[in-house]
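So the protein lines, in turn, are chains Y and D.
All residue numbers for the first sequence refer to this note's numbering, where the first residue is 2 and numbers rise by one.
All residue numbers for the second sequence refer to this note's numbering, where the first residue is 2 and numbers rise by one.
There are 2 protein chains.
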Amino acid sequence: LNLLSPDELESRLREIGATRYHRLHPFHKLLHGGKCTRDQVQAWALNRYYYQSMIPVKDASLIARCPDSDTRREWRSRLVDHDGDRKGEGGIARWLRLTDGLQLDRDYVVSLRGLLPATRFAVDAYVHFVRDKTLLEAVASSLTELFSPQIISERIEGMLNNYRFVTPETLAYFSQRPPQAERDSRFALDYVKVNARTAEAQRAVLGALEFKCDVLWAMLDALYHAYVEPRHIPPGAFAPQD
Amino acid sequence: LNLLSPDELESRLREIGATRYHRLHPFHKLLHGGKCTRDQVQAWALNRYYYQSMIPVKDASLIARCPDSDTRREWRSRLVDHDGDRKGEGGIARWLRLTDGLQLDRDYVVSLRGLLPATRFAVDAYVHFVRDKTLLEAVASSLTELFSPQIISERIEGMLNNYRFVTPETLAYFSQRPPQAERDSRFALDYVKVNARTAEAQRAVLGALEFKCDVLWAMLDALYHAYVEPRHIPPGAFAPQD
């Protein structure tokens with residue numbers, strides 16, 4: 002890899018999104034196409050809750066390693082988005098309205114008792130990545146947000162049209178996200194375009210986005226294996242019959 | 002949970018092995034029963050290589066947190082088992098004889114380029130667990146070795162009988178392991194029986210063994226999903242057609 006111009010770097014990042022983002026995963030096609038059972042939607046929401054709940058943890062660990070006030074202040078808005086300004090607000094609380102709407106017991110969801118171990122390992126891998134890699138890689142790993150507005154609009158439309166157990170209220174999380182994701186990903190994209198100034202740094206940025214795509218993909222692989230085909234639920238994980 | 006006697010604790014640990022150890026996983030039934038293709042055996046050996054290669058890393062991080070010389074010295078024998086006394090010796094080198102025998106390119110195996118992301122996340126979760134949890138939990142998480150001699154004897158017999166591409170030389174790793182595993186797991190079992198002196202500590206010990214069973218189980222779930230059914234290989238992972 003030779004040194005790329007900032008715009009070439011952006012193209013390469015968008016290419017990763019076009020080929021490796023979890024929008025392409027068979028589980029999402031089922032979910033958005035109305036082919037999931039309620040049990041499968043429950044399993045998805047329950048597992049994805051752990052991802053949502055750890056986002057502010059990874060963002061705080063990024064802020065904690067950030068030497069300048071401007072970047073910290075900008076990144077802090079992500080904490081506000083997910084944790085809200087008071088109890089019951091913010092993205093995590095809105096995600097719990099989704100699991101409520103799917104008739105999952107809230108204490109059970111929050112306890113993480115029914116989580117697939119593979120979900121925990123993938124999400125924790127993301128948290129550790131952000132904590133342990135360079136700040137540039139930590140920022141770059143957030144760039145899946147570049148691709149999320151599209152998947153979210155497909156999701157809202159597909160889920161509202163296809164599942165009678167889904168209402169606009171239960172999907173409140175998603176209707177709030179696209180403008181936040183656009184603002185955040187624009188900042189992160191500008192940051193990596195300005196700060197990845199060597200071929201090595203650019204390679205690390207591209208690798209960070211691939212890593213993050215792998216995290217999201219592995220979460221859906223695990224759901225598919227446990228709840229779609231061949232439905233091998235690992236010992237101790239959420240079992241819809243219970 | 003009330004405080005258990007040391008022998009009751011041992012029974013509870015063995016019960017976890019009887020219900021959650023990966024010997025019960027469908028992938029192992031295929032592997033040992035001769036129902037895997039060579040591609041599937043390759044994928045298993047390639048992914049498991051990463052687990053093998055990280056074992057001395059997790060053992061060293063355990064030793065690094067160990068305040069007494071006796072325990073460190075005892076645990077050190079695991080480093081010798083896996084890394085050997087000179088280049089080409091030890092468990093990792095013997096594992097590479099297995100991947101060689103399966104006609105996998107050694108540089109490719111060692112590069113980890115073809116690894117399933119879920120394998121990396123699961124193995125790294127184990128390494129982080131040993132580094133970050135209490136010493137007692139770190140020791141307890143090794144207790145899957147209590148159950149490994151049985152699975153290894155099933156594996157050697159099943160693989161030699163069923164696969165013409167497997168020879169006793171390629172399985173050298175497994176023929177060496179049972180006495181090491183018996184010695185190591187006896188030490189670790191005695192350690193937790195002596196040192197888990199509160200109900201809370203015993204709960205942590207049981208949780209650590211469950212966690213470790215989840216790690217091994219998740220590795221096989223990922224293999225099954227990618228290479229058995231529905232054969233959805235994640236982007237970038239080992240693809241036998243290549």
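Cβ atoms here follow ideal geometry from the backbone N, Cα and C, with glycine treated the same way.
Residue environment for Y:V195: exposed (fewer than 16 other C-beta atoms within 10 angstroms of its C-beta). Excluding its 5 nearest sequence neighbours in each direction, D:A46 has C-beta neighbours in its own chain below 6 angstroms: L99, T100, L103, listed in chain order.
Measuring C-alpha to C-alpha distances from Y:L4 to each of Y:A205, Y:S142, Y:A219 identifies Y:A205 as the nearest.
Within the segment 20-54 of chain Y, the residues whose Cβ lies closer than 7 angstroms to some Cβ of chain D are T20, R21, P27, listed in chain order. Under a 10 Å Cβ-count criterion, Y:P118 is classified as buried, with 16 or more other Cβ atoms of the shown protein chains found around its own Cβ.
Shortest Cα-Cα distance from D:E183 to any of D:T72, D:S143, D:D8 involves D:S143. The CB of Y:D8 never comes closer than 9 angstroms to any CB in chain D; the least such distance is about 24 angstroms. The segment 62-76 of chain Y makes no contact with the segment 34-42 of chain Y: fewer than 3 CB pairs, one atom from each, lie closer than 8 angstroms. Neighbours of Y:F122 in chain D, taken as residues whose beta carbon is under 8 angstroms from its own, are A119, F122, A123, D125, A126, V216, A219 in chain order. For a cut-off of 8 angstroms, the C-beta gap from D:T120 to D:Y51 is around 6 angstroms, short enough to register as a contact. Comparing C-alpha distances from Y:R178 to each of Y:D125, Y:L147, Y:T38, Y:T168 shows the shortest one belongs to Y:L147. A contact is defined here as three or more CB-CB pairs under 8 angstroms, and the segment 107-116 of chain D fails this definition with respect to the segment 161-176 of chain D. Taking the C-beta atoms as reference points, Y:A141 is found nearer than 9 angstroms to Y:L210. Contact annotation, Y:M55 with Y:V128: C-beta distance approximately 6 angstroms; criterion of less than 8 angstroms satisfied. With the criterion set as a beta carbon lying under 8 angstroms from some beta carbon of chain Y, the segment 83-101 of chain D has no members that meet it. For D:P241, no CB of chain Y lies under 9 angstroms from its own CB, so it is not counted at the interface with that chain. For D:A223, the chain Y residues whose C-beta falls within less than 9 angstroms of its own C-beta are A119, A219, D222, A223, H226, listed in chain order.
D:F212 and Y:I157 have their C-alpha atoms spaced approximately 35 angstroms apart. A residue is called buried once 16 or more other Cβ atoms fall within 10 Å of its Cβ, and D:Q151, having fewer, is exposed. Taking 9 angstroms as the cut-off, the Cβ atoms of Y:D222 and D:A227 count as close.
At a cut-off of 9 angstroms between C-beta atoms, Y:E138 does not count as an interface residue with respect to chain D.
Look at Y:P236: its C-beta is under 9 angstroms from a C-beta on chain D. The beta-carbon separation of Y:L137 and Y:A202, rounded to 6 angstroms, stays under the 8 angstroms limit for a contact. Closer than 8 angstroms at the C-beta level to chain D, one finds no residue of the segment 184-206 of chain Y. Residue contact check for Y:E211 against chain D: a CB pair falls below 9 angstroms.
DSSP places Y:S54 inside the alpha helix (DSSP H), whose first and last residues are 39-64. If you draw a straight line from the Cα of D:R87 to the Cα of Y:L97, it comes to about 55 angstroms. Membership of Y:C67 in any alpha helix (DSSP H) is not indicated, and neither H nor E is assigned to it by DSSP. Cβ contact annotation for D:D82 (same chain, cutoff 7 angstroms, sequence separation greater than five): G91, G92, Q181, in chain order. Approximately 20 angstroms separates the beta-carbon atoms of D:C67 and D:T145; this is outside 8 angstroms, ruling out the contact. For D:L2 and D:R13, the gap between their C-alpha atoms comes out near 11 angstroms. Under the three-state reduction of DSSP output, D:D106 falls in the coil class, being neither helix nor strand.
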